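First comes the structure, then the notes that go with it.
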Ligand code: DMJ
C-alpha cells in the first residue's frame with residue numbers, strides 16, 4: 001500500500017515538474033531569443049552589463065600626496081589662465097592667439113574659436129566668472145561668412161558645435177544650446193550632396209559647398225566625426241533632421257565594400273565606394289574609428305550599428321596595423337597599403353595616432369563579453385598599454401621632453417633585430433633562415449604575441465607591452481619625419497585614459513613630466529607656442545597656439561591630476577576635441593520619430 005502511494009506521489013511530482021520544466025524552457029528560449037538569436041547581428045550587443053571601471057581612491061585630505069596633486073592641478077589651471085589671458089588681451093574675437101607676435105589669427109571662420117573651444121575647460125576648472133563673462137559674447141557671436149568663404153565642416157563641428165554642446169551640458173546655460181542649434185542648422189547644407197556625405201566646407205549664409213582639395217572623395221575622418229555632436233543635438237532639440245543626416249552617413253560607411261574591417265581613408269562622394277587602399281588610424285581616419293565606439297557609448301550602449309562597425313574596425317587595426325620596433329620592441333600603429341598582398345606598412349607613426357591606446361582601453365573596459373571575448377579584451381588592453389608606452393617614450397626620447405609630430409620606425413625584422421620568443425633581447429641582424437624557422441617573416445605584433453603565447457608566455461609579459469627605456473642619445477629605432485611639437489593632446493589623452501582605466505600611478509607621473517616640459521619649453525610671456533623641433537633646446541618656436549591646446553591638452557592634464565573624478569567615464573563620453581557629452585538613452589518617443597530600431 002505504502003509502495004503504491006509512493007509511486008503515485010513520484011508520478012504526481014513528475015507530472016508537476018513537467019509544466020514547471022516547460023515553463024522554464026519557454027522562458028529561457030524567449031530570453032535567449034530576445035537577447036541573441038532572434039535579433040539581427042546589429043542588435044545582439046544591446047543587453048549589456050553596467051560599466052565597471054577601477055575605482056581609484058583619492059588621497060586622504062591633508063595628506064602630502066593630496067597636497068602634491070592639488071598643487072599640480074593648480075599649476076595647470078594657472079597655465080590655462082595664462083594662455084587664456086593672452087588670448088583675451090591680444091586676440092579676443094579672433095580664432096587663435098599668435099603667442100610670439102601677440103596678434104590674432106583666423107583660420108577657422110574668424111568667429112572666436114579659442115573662446116568656444118576652451119569654454120568647458122574653463123567650467124571644469126571652476127573659472128565660473130570667466131565662463132559667465134563669455135556668455136554675452138557667445139550670444140552675439142556671428143556665424144556668418146562672406147560669399148566666398150566656407151566653414152570647414154569637420155573642424156567647425158568638433159570644435160565649435162562640440163564646444164557649445166559640452167559647455168551647455170555642464171552649465172545648463174540655455175544660450176549655449178540656442179547657439180548650438182543655430183550653428184547646427186547653418187551647417188546642415190553640407191549634407192546636400194548626392195549621397196549625403198558632408199562636403200568639406202559650407203558657406204553658413206548661402207549654403208554653397210566647397211570640396212577642398214579632394215573634389216570627388218570624402219575623407220573618412222571628416223565624414224564620420226559629426227555623429228556624436230548631431231545626435232546629442234537631436235536629443236536636446238527634438239529635430240529629426242539632425243539624427244537622419246548623420247545616420248545616413250553611417251549607412252553609407254556600413255555599405256562600403258571592404259576587405260575585412262579595413263576602412264579606406266577616402267570614399268567616393270558619389271558612390272560611397274573606397275577611393276584608395278590606405279588603411280590607417282592617422283590624420284585621415286583617426287576620429288572615424290573613435291566615433292564608432294563613442295556613438296554607442298553616447299547612446300548608453302543601445303545603438304548597436306556603430307558598435308558593430310567598431311568591432312570590425314578595431315579587430316582589423318589590431319590584426320594589420322600594429323608592429324614592433326627593432327631594438328626596444330616598442331609597439332606602434334602605422335598605416336598599410338592594402339592593394340599589395342601582403343599589405344605593406346609605411347611604418348610611419350603619427351602623434352595623432354596616439355588617441356588609439358585610450359580608445360582601446362575605453363573599449364575594452366566598456367564592451368560586454370558578448371561583444372569582446374575575455375581573450376580579445378586581454379589583447380586590446382595589452383595593445384593599449386604598449387601603444388601608450390610608446391607615445392610616452394617618444395617624449396622622453398627627446399632632449400626637450402616633448403614628442404615629434406611623426407616618426408618612421410625602422411624595419412622590424414631585418415635591419416636591426418626582432419623579438420625573440422625565447423626572451424633573448426639581443427639586437428642585430430637575424431639570419432633569414434632563423435627568422436623563417438621561427439615563422440617571424442612579418443613584423444606584425446599579433447604574430448609576435450601568438451609566438452610568445454605558443455612558447456608558454458615567457459618573460460613576464462607579451463612583447464611590446466613592457467615599460468620601455470627612454471633613449472635620448474644613440475641610434476634610435478626610428479627617425480623623426482616631422483620634427484615639430486604642435487601642443488597636440490593625443491599623448492596626454494592616452495595617459496589620462498590609461499590612468500582612469502588602470503589606476504596605475506605611473507601614468508599620472510608621466511603626465512606631470514610632460515606638463516613640466518610644456519611649461520618649460522613652450523611658455524611665452526603671453527601664452528604657449530608650438531615648437532619647430534623637439535630635438536633642440538631652446539627650440540625655435542612657431543607663432544601659433546592652437547585652440548585644441550585649451551580644449552584638450554590642458555583639460556586632460558587637469559583631469560589627470562585632479563583628485564576627484566570630474567568626468568566619470570561611465571556617464572560621459574568625450575568627442576574628438578575632448579568635449580564631454582553626457583550619455584543618454586533615446587526615449588521610446590524619439591525612437592519612433594527618428595526610426596531608431598527599438
Ligand atoms: C584635434 O583638433 C582633434 O583631436 C582632432 O580629432 C584631430 N587632432 C586635433 C589635435 O591634434
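Numbering (the UniProt record's numbering), first residue to last: 1 to 598.
All C-beta atoms in this analysis are idealised placements derived from N, C-alpha and C, irrespective of residue type, glycine included.
Just so you know, these numbers come straight off a predicted model, no measurement behind them.
Looking at the strands, I want to know which residues DSSP matches up with residue i.
{"i": "residue 152", "result": "201"}
{"i": "residue 573", "result": "581"}
{"i": "residue 337", "result": "278, 344"}
{"i": "residue 306", "result": "Per DSSP, none; premise fails for residue 306."}
{"i": "residue 528", "result": "523"}
{"i": "residue 324", "result": "331"}
{"i": "residue 444", "result": "323"}
{"i": "residue 545", "result": "97"}
{"i": "residue 355", "result": "BP columns for residue 355 are empty, so no partner."}
{"i": "residue 633", "result": "No statement about residue 633 is possible, as the shown extent of the chain runs from 1 to 598 and does not include it."}
Can the beta-carbon of residue i be found less than 9 Å from the beta-carbon of residue j?
{"i": "residue 238", "j": "residue 593", "result": "yes"}
{"i": "residue 142", "j": "residue 123", "result": "no"}
{"i": "residue 343", "j": "residue 320", "result": "yes"}
{"i": "residue 54", "j": "residue 502", "result": "yes"}
{"i": "residue 255", "j": "residue 400", "result": "no"}
{"i": "residue 577", "j": "residue 552", "result": "yes"}
{"i": "residue 362", "j": "residue 285", "result": "no"}
{"i": "residue 600", "j": "residue 153", "result": "An answer regarding residue 600 cannot be provided, because it is not within the stretch 1 to 598 covered by the chain."}
{"i": "residue 544", "j": "residue 98", "result": "yes"}
{"i": "residue 550", "j": "residue 80", "result": "yes"}
{"i": "residue 556", "j": "residue 489", "result": "yes"}
{"i": "residue 390", "j": "residue 570", "result": "no"}
{"i": "residue 554", "j": "residue 133", "result": "no"}
Do you know how far the Cα of residue j is from the Cα of residue i?
{"i": "residue 166", "j": "residue 497", "result": "19 Å"}
{"i": "residue 580", "j": "residue 360", "result": "18 Å"}
{"i": "residue 314", "j": "residue 266", "result": "18 Å"}
{"i": "residue 565", "j": "residue 559", "result": "7 Å"}
{"i": "residue 103", "j": "residue 274", "result": "42 Å"}
{"i": "residue 73", "j": "residue 189", "result": "42 Å"}
{"i": "residue 75", "j": "residue 217", "result": "45 Å"}
{"i": "residue 446", "j": "residue 500", "result": "26 Å"}
{"i": "residue 381", "j": "residue 465", "result": "10 Å"}
{"i": "residue 258", "j": "residue 251", "result": "14 Å"}
{"i": "residue 518", "j": "residue 491", "result": "13 Å"}
{"i": "residue 185", "j": "residue 246", "result": "13 Å"}
{"i": "residue 212", "j": "residue 222", "result": "12 Å"}
{"i": "residue 119", "j": "residue 205", "result": "25 Å"}
{"i": "residue 172", "j": "residue 567", "result": "16 Å"}
{"i": "residue 454", "j": "residue 460", "result": "14 Å"}
{"i": "residue 236", "j": "residue 349", "result": "38 Å"}
{"i": "residue 312", "j": "residue 78", "result": "43 Å"}
{"i": "residue 515", "j": "residue 170", "result": "25 Å"}
{"i": "residue 108", "j": "residue 561", "result": "31 Å"}
{"i": "residue 352", "j": "residue 207", "result": "31 Å"}
{"i": "residue 278", "j": "residue 272", "result": "15 Å"}
{"i": "residue 308", "j": "residue 96", "result": "38 Å"}
{"i": "residue 90", "j": "residue 138", "result": "18 Å"}
{"i": "residue 377", "j": "residue 85", "result": "44 Å"}
Classify residue i as helix, strand or coil using the three-state DSSP reduction.
{"i": "residue 586", "result": "coil"}
{"i": "residue 108", "result": "coil"}
{"i": "residue 480", "result": "strand"}
{"i": "residue 207", "result": "coil"}
{"i": "residue 92", "result": "coil"}
{"i": "residue 523", "result": "strand"}
{"i": "residue 52", "result": "coil"}
{"i": "residue 221", "result": "helix"}
{"i": "residue 396", "result": "helix"}
{"i": "residue 407", "result": "strand"}
{"i": "residue 103", "result": "strand"}
{"i": "residue 350", "result": "strand"}
{"i": "residue 76", "result": "helix"}
{"i": "residue 595", "result": "coil"}
{"i": "residue 386", "result": "helix"}
{"i": "residue 170", "result": "helix"}
{"i": "residue 466", "result": "coil"}
{"i": "residue 240", "result": "helix"}
{"i": "residue 567", "result": "coil"}
Please list the segments of the alpha helix (DSSP H) lying wholly inside the region 123-168, counting only runs of 4 or more residues, in order along the chain. If we require 4 residues or more, the alpha helix (DSSP H) runs fully inside the region 123-168 come out as 128-139.
Mind listing, in chain order, the continuous alpha helix (DSSP H) runs of no fewer than 4 residues lying wholly within the region 247-302? 286-298
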